[in-house]
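Reading through the structure tokens given below for one structure.
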Amino acid sequence: MEPKTPSQNNWFMIFWRAIRVPFLAILMSLVVGAVILIISGANPITAYVALFKGAFGNANYLKRTLEKTTPLVFSGLAVAFAFKAGLFNIGAQGQLLLGAIVSGFLGFAIKGLPPIIHIPLALIGGCVAGALYGAIPGLLRAYSGAHEVITSIMLNYIAINITDYLSDGPWKDVSGTNVIARLPMIENSAKIPYIGPVPVGFLIAILIAVVVWYILEKTNFGFEINSVGLNSHASRYAGMKTKLLITSAMVVGGLLAGFGGSVETLGVVGRFQPGFNVGIGFDGITVALLGRSSPFGVILSSLLLGALKGGANVMQFDAKVPHEIIDVIQGLMLFFVTADLVVRKFFRLKKDRGLEVHVAAGWGQK
Amino acid sequence: MTAAQSTLTVHQLRRPRWMVPAILTVVAIAIAIISYLLNPSVTEAVLGATIRFAVPLILGALCGIYCERAGIVNIGIEGQMLMAAFTAYMTNSWTGSLPLALLVGALTGALLGLFLAYISVALKLNQTIGGTVINILAVGITGFFYQVNTVTKGKFAPIPLGPLADIPLIGPVLFNNPPITYLTFLLVIITQIVFFHTRWGLRTRAVGEHPRAADTLGINVFKTRYVSTMIGGALAGLGGAFLTLEGVGLFERNMTNGRGFIALAVMIFGKWNPIGSMLAALLFGFTNAIQTQLQFMGINVPHQFIGMIPYALTIIVVSGFVGRSRPPAAEGTPYEKE
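First to last, the protein sequences are chains X and R.
Going by my numbering, the first sequence opens with residue 17, and the numbers climb by one from there.
Going by my numbering, the second sequence opens with residue 8, and the numbers climb by one from there.
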């Protein structure tokens, strides 16, 4: 911690210092997004108003925004946790898919259980699947030095193939006239309910974010994960089992991603269907970086991205703006938040220490 | 570690490096000839599809080689290809000129290469994240500006290379292709020569291995990285243009479909070497072609398992179970002048 001047003791200033770069990055991306909208002949104000209305305008819209937010919290945490250990978990997508399909399978294959047992069982199944899948790049990184980015990109494709096979083969929905490759609907007892417009899955996501925060900030394990991320050599000399820590960071990342896939299947989609969860794992990267790898930052940035996704349809309908503008804005956000140098130069901010994300560079076997 | 290294050297002395690829190539040719004798049309179709699938992978892998040999990790190849596929398609749709469209595609890739170089050389950002930015922006921008009602103005037609095209099997597969395919194989040879037989290549490799030493010897590290990343970007752009001008002939949202990432795998599989990468790309292309063919013939092996093979192979290779692939040493780290 830096020594505090009186002005920094003010809670508002502390809060502002923590969020100012992401906040200004978001602002800049909305401005650049507006320029793109003007170039393409649309009115950015109409578009943004429609976007906001579509995200929060009524209970139904709010429900959809929260539904979109929920898996993002999980995949954001999955990426953020690995970031803390200096790893780039670009494989959240594959881990999420496996979690989604296993919980979808447990959701329809087991019958006659009360929800209080069925839902946790399916969730745990999904978590275990994700954790095991996350263990592969973790083990490879720790013991053979293979870079987790390339192995987990490959594992993403393998996961697509596995889930395609299962949903067109052994686990396919063969009832009635179904010809699509997908799993049967899950039993009612496995469905995660809603409280009004709020999906219970969203509340679980918040809870998990708090748990992750606790682990990272208040436990020995979290401390060791952080120190491996900051300097793995020093950690090894300090007597930490760095290989084990690297593996377990990926296992926890995989577990969180698998959890997200399960909540998506059990809470929103109601079955596993290939192509329904595409992109959530990659959005997790944006979420984690926007949220600066902090669990609470992840919640905020997931809400932001969830609102963009939730409002996109209404914007497309009301303002006649293709919803792909959301992807453009998201890419810009990612750019500005990582290129914080640009933001700082533009707004003449000083560098604040202790808030940067550390990611291992290169493929190297270092 | 030292023991492993010394056995590796002994190993290399006894068995020349080209031995394994050479044996594999001979086996592959033998299998091709036997299957041609059994079923000519299917063999031709499979091998033709192999090449069509391999070309964008080769170009993407060459892009990776140019960037990474100079020390820049480029996981934005996917985005560079997608964006170039889009601009090439739009140019073709507006002007109807295929060469111009090809040029625009390559330029788009080069510009994105410049962007990546700026992010990683000037801003010294994390290059993996820089590449991810390119990927996400490419999906968004192409999706946003693409209008479904645009029409294509044709695509490159195959050019038979005189009498060579009449040779059975080899002719139709190798010597009756559209121009970008020929260009690709030419570029593989050029890149091989440039990197391993010219002064420029040696210098670029030095920048990727040990920028400090290169700098001491008077090589401009920053300039080398900019130039190399832009050349790489142009090649990825060609790969993207291939998809819309030669392969599919149309633009579809997100049409690169992971080819940029597979190209990275191809590059690692090929050990950052152009000819090695070409062979790896052909292997990937072949598994894909055979997968499609099996599906077509209704054979009951789940095609997804064949589809997994290239990815699983890549993991095995990068994990060092089969040979060791070593990346350029200074890769991914921004260079700071003292």
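Glycine included, every Cβ here is placed at the ideal spot set by N, Cα and C.
Worksheet entry | Cβ-Cβ separation, X:I211 to X:G123 (assumed contact under 8 Å), whole Å | Contact flag wrong, Cβ pair sits at about 20 Å.
Worksheet item: R:W207: buried (16+ other C-beta within 10 angstroms of its C-beta) or exposed?
Response: exposed
Worksheet item: Closest Cβ-Cβ distance between R:V325 and chain X: below 9 Å?
Response: yes
Worksheet entry | As assigned by DSSP and simplified to three states, the class of R:A11 | Any answer about R:A11 is weak, because its pLDDT of 45 lies below 50 and its placement is not dependable; what the coordinates show is given next. In the structure shown, R:A11 sits in a helix (DSSP, three-state: H, G or I).
Discussion item. Could you give the first and the last residue of the continuous alpha helix (DSSP H) run that contains X:I241?
Written reply: N236 to L246
Practice prompt. Using a cut-off of 7 Å between C-beta atoms, extract the partners of X:T62 located in chain R.
Written response: None at all; the shortest Cβ gap to chain R is about 16 Å.
Worksheet item: Taking C-beta to C-beta, are R:G244 and R:A113 nearer than 9 Å?
Response: yes
Worksheet item: With 9 Å set as the bound, which would you pick, yes or no: does the beta-carbon of R:L66 sit closer than that to a beta-carbon of chain X?
Response: no
Practice prompt. Quick one: grab the DSSP three-state call for X:I176.
Written response: helix
Fill in: Beta-carbon neighbours of X:F333, restricted to chain R and to distances below 7 Å
Within chain R, no residue comes near X:F333; the closest Cβ sits about 16 Å away, beyond 7 Å.
Item to complete: For R:V146, return the contacting residues in chain X, with the cut-off set at a CB-CB distance below 7 Å.
Response: D343
Worksheet item: On the three-state DSSP scale, how would you describe R:N183?
Response: strand
Practice prompt. Could you have a look at X:V214 and say whether DSSP puts it in helix, strand or coil?
Written response: strand
Worksheet item: Where does X:P87 sit, in a helix, a strand or coil, going by DSSP?
Response: helix
Discussion item. Am I right that R:K162 and R:G103 are in contact with their C-beta atoms under 8 Å? What's the rounded C-beta distance?
Written reply: That belief does not hold up - the Cβ atoms of R:K162 and R:G103 are roughly 12 Å apart, past 8 Å.
Practice prompt. Output, in chain order, the set of chain X residues within a Cβ distance shorter than 7 Å of R:F229.
Written response: Correct list: empty, because the minimum Cβ distance to chain X is about 16 Å.
Worksheet item: Is R:I226 helix, strand or coil by DSSP?
Response: coil
Worksheet entry | Closest by C-alpha distance to X:S317, when choosing among X:I35, X:V65, X:S191 and X:L114 | X:I35
Discussion item. Measuring only the C-alpha atoms, how far is X:G110 from R:S235?
Written reply: 32 Å
Discussion item. Can you check whether the C-beta of R:Y318 is within less than 9 Å of a C-beta belonging to chain X?
Written reply: yes
Worksheet item: Under 9 Å between C-beta atoms, does R:T9 make it to chain X?
Response: Residue placement at R:T9 cannot be trusted, given a pLDDT of 44 that sits under 50; the coordinates are not used to answer.
Item to complete: Consult DSSP for R:I166 and reduce its assignment to one of helix, strand or coil.
Response: strand
Practice prompt. Use the C-beta contact count for R:N264: other C-beta atoms within 10 angstroms, 16 or more gives buried, fewer gives exposed.
Written response: exposed
Practice prompt. Return helix, strand or coil for X:V190, following the three-state DSSP convention.
Written response: coil
Item to complete: Give a yes or no on whether the C-beta atoms belonging to R:A91 and R:L64 are separated by under 9 Å.
Response: no
Worksheet item: CA-CA distance, R:C70 and R:I79?
Response: 11 Å
Discussion item. Strictly under 9 Å for the Cβ-Cβ distance: is R:V234 near chain X by that measure?
Written reply: no
Item to complete: Return no unless some Cβ of chain R is closer than 9 Å to the Cβ of X:V165.
Response: yes
Worksheet entry | X:L246 versus R:I58 - alpha carbon distance | 45 Å
Fill in: Extent of the continuous alpha helix (DSSP H) to which X:P153 belongs
P131 to S160
Worksheet item: Under the three-state reduction of DSSP, which class applies to X:P338: helix, strand or coil?
Response: coil
Item to complete: Compare the C-beta of R:Q300 with all C-beta atoms of chain X and state if any pair is closer than 9 Å.
Response: no
Worksheet item: Should the segment 268 to 277 of chain R be regarded as contacting the segment 310 to 321 of chain R, the criterion being three or more beta carbon pairs within less than 8 Å?
Response: yes
Worksheet entry | Min CB distance R:M237 to chain X below 9 Å | no
Fill in: Residue closest to X:K207, alpha-carbon to alpha-carbon, out of X:L139, X:F239, X:R252 and X:N194
X:L139
Fill in: Per-residue DSSP class, three states only, for R:R59
helix
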